[in-house]
Amino acid sequence: MNTRNLRLKTKLEWQSTQYLFNPKKNRYTNYDENVRTSLEHYWQIPLNEFQIKHSPSKVVIQQYAYKPSLTGTTGKTFHTEEPSNQLSQLAIKKLAELYSTLYKKPVEFNIILLKYPFLSSKILAEYLSMQTKKYRIRQIRRNLFKKVPLVSLANSATGLVDGMKSRNGLIPTSYHFLSPPPPLPSATSLDKPIIDGISTHYLNWSKLLRNGNNFIPTHLAGIKLQISGRMSLRKGAARSAVVTKSIGRLRFNTVGKSMIDYAKVEGKNMNGSYCIKVWLSSATV
147 MNTRNLRLKT
157 KLEWQSTQYL
167 FNPKKNRYTN
177 YDENVRTSLE
187 HYWQIPLNEF
197 QIKHSPSKVV
207 IQQYAYKPSL
217 TGTTGKTFHT
227 EEPSNQLSQL
237 AIKKLAELYS
247 TLYKKPVEFN
257 IILLKYPFLS
267 SKILAEYLSM
277 QTKKYRIRQI
287 RRNLFKKVPL
297 VSLANSATGL
307 VDGMKSRNGL
317 IPTSYHFLSP
327 PPPLPSATSL
337 DKPIIDGIST
347 HYLNWSKLLR
357 NGNNFIPTHL
367 AGIKLQISGR
377 MSLRKGAARS
387 AVVTKSIGRL
397 RFNTVGKSMI
407 DYAKVEGKNM
417 NGSYCIKVWL
427 SSATV
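For the sequence shown, position 150 (counting from the first letter as 1) is numbered 296 according to the numbering used here, and the numbering increases by one without interruption.
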């Protein structure tokens, strides 16, 4: 709990569901949990994540959702399910009115449809959990590391795209030049500190650590995946095996300052129980 926000609760915004107005009843904590449970039951969308943001005047419920899509033989992409009326403006308006009576203040919905599952650690963990029913763990890990675009950690000025260099051959940005980009200065001529042989001109971690929320992470720098459980049905397979793989770079300096998004999902398949943990490392260039 942030004591500064507690003193200035009428002027600042807060997002933590552990912020307690009434220590005896814990009203808002229970409200947030009830809202999450009801929304998950209502949407019936497995790949989603909710964030409830409070302010003195209103409550904003922000939802991230991802719908898997299939690519046909002609190269066209289509959704696996038909769009439902649950995301209609009328349905969202009714939900906002219902939750407004609960919080005693206006409630707004902000629904964000993600194009890729690796933009959220919780959605990525749930997506990998769904893939375990069809594919093996090794196949899931290889496909994930091949398709996720990562910012390169090399301080070379060759092969850069918009100031970045792809690590696995994929362009880690949606921006494309209409004309050839201007030549970039070499890393040696920049007055930038070099950390572990990496120029912060291309992966500016110090800017993130100094300014905190003033800079939004724009690119993915690394992924760590840990899957525990029984990996095979053969007789000699271990009951509790742990497989940990990572690609890119992850920084675990401190819990509060590291740009790490973590989530875990537990489930069962034909092999038995398993647990999937995902770490996503973000950076700004």
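Idealized CB from N, CA, C, for every residue including glycine.
Remember, it's a predicted structure, so these values are computed and weren't measured experimentally.
Length of the line joining the Cα atoms of residue i and residue j
| i | j | result |
| --- | --- | --- |
| Ile373 | Glu186 | 25 Å |
| Ser419 | Lys250 | 42 Å |
| Gln209 | Met377 | 33 Å |
| Ser266 | Lys280 | 22 Å |
| Arg182 | Lys292 | 34 Å |
| Thr278 | Phe264 | 16 Å |
| Asn289 | Phe196 | 27 Å |
| Ile207 | His200 | 9 Å |
| Pro214 | Asn256 | 20 Å |
| Cys421 | Asn180 | 25 Å |
| Ile238 | Arg287 | 37 Å |
| Val297 | Leu426 | 13 Å |
| Asn417 | Ser386 | 11 Å |
| Ala429 | Ile283 | 28 Å |
| Gly375 | Val388 | 7 Å |
| Lys414 | Tyr408 | 21 Å |
| Lys391 | Gln235 | 42 Å |
| Glu243 | Ser184 | 14 Å |
| Arg397 | Leu371 | 14 Å |
| Ile258 | Pro295 | 21 Å |
| Val205 | Arg395 | 36 Å |
| Leu260 | Tyr273 | 13 Å |
| Leu241 | Gln285 | 41 Å |
Beta-carbon proximity of residue i to residue j, cut-off 7 Å
| i | j | result |
| --- | --- | --- |
| Ile269 | Leu366 | no |
| Ile393 | Ile369 | yes |
| Ala211 | Val424 | no |
| Val253 | Tyr245 | yes |
| Tyr188 | Leu248 | no |
DSSP three-state assignment for residue i, whether helix, strand or coil
| i | result |
| --- | --- |
| Val181 | helix |
| Leu241 | helix |
| Leu236 | helix |
| Asn417 | coil |
| Leu366 | strand |
| Tyr212 | coil |
| Thr390 | strand |
| Leu396 | coil |
| Leu260 | coil |
| Lys280 | coil |
| Leu426 | strand |
| Ser203 | coil |
| Leu290 | helix |
| Leu371 | strand |
| Lys410 | strand |
| Pro327 | Reliability fails at Pro327, whose pLDDT of 37 lies under 50, so the model's placement of it is uncertain and the value that follows must be treated cautiously. Three-state DSSP puts Pro327 in coil, outside helix and strand. |
Nearest-angstrom Cβ-Cβ length linking residue i and residue j, presumed shorter than 8 Å
| i | j | result |
| --- | --- | --- |
| Val411 | Ser275 | 5 Å |
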